[in-house]
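Quick note on numbering: the sequence shown equals residues 1 to 110 in UniProt numbering.
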Amino acid sequence: MSEGKESGIVSSVDVTLTPRSTIRPNKWLERALILLALVGTASVIGLYNDLYGRVQDHINPKAEVFGVWIEKDVAPYARASFELGDNKVVINNRVVATSFELSAKNFGLP
1 MSEGKESGIV
11 SSVDVTLTPR
21 STIRPNKWLE
31 RALILLALVG
41 TASVIGLYND
51 LYGRVQDHIN
61 PKAEVFGVWI
71 EKDVAPYARA
81 SFELGDNKVV
91 INNRVVATSF
101 ELSAKNFGLP
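See below:
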């Protein structure tokens, strides 16, 4: 008797199987979306880098240090000086560099 009930339950379940090849995802679509996400991420990072640079230039402009710098608390015959411009560094009337880097504590020539 229990055999008839089990077979009735199994026969009442309607299962349709689809071939495995029809439900396979499109790999080219996945790769295109991953590539699009990587390009988008790179462009966002580049834009934020540019924005950060502009904000830093606005907060700490290089123009405030342009001019002639003369050493202090030194005897007049041993005093050194140099000139900073927007595109040059001049020592003893000679251009020694066409660019320079500034930080809060250091001045560096590339």
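We put the CB at the ideal spot given by N, CA and C, even for glycine. From a predicted model like this one, the values you see are computed outputs, not experimental measurements.
Ignore the nearest five residues each way along the sequence and tell me which others in residue i's own chain have a CB closer than 8 Å to its CB.
{"i": "F66", "result": "L84, G85 and D86"}
May I ask you to list the residues that DSSP assigns as paired with residue i?
{"i": "F82", "result": "W69 and I91"}
Near residue i, which residues of its chain fall below 7 Å by C-beta distance, leaving aside the five closest residues on each side in sequence?
{"i": "residue 113", "result": "With the chain covering only 1 through 110, there is no way to say anything about residue 113."}
{"i": "V68", "result": "S81 and E83"}
{"i": "A37", "result": "none"}
{"i": "T98", "result": "N87 and K88"}
{"i": "L102", "result": "K62 and V65"}
{"i": "I59", "result": "none"}
Just verifying my parser: in three-state terms, what is the DSSP assignment at residue i?
{"i": "V44", "result": "helix"}
{"i": "V74", "result": "coil"}
CB-CB under 6 Å to residue i, same chain, minus the five flanking residues each way: which ones, in chain order?
{"i": "N93", "result": "none"}
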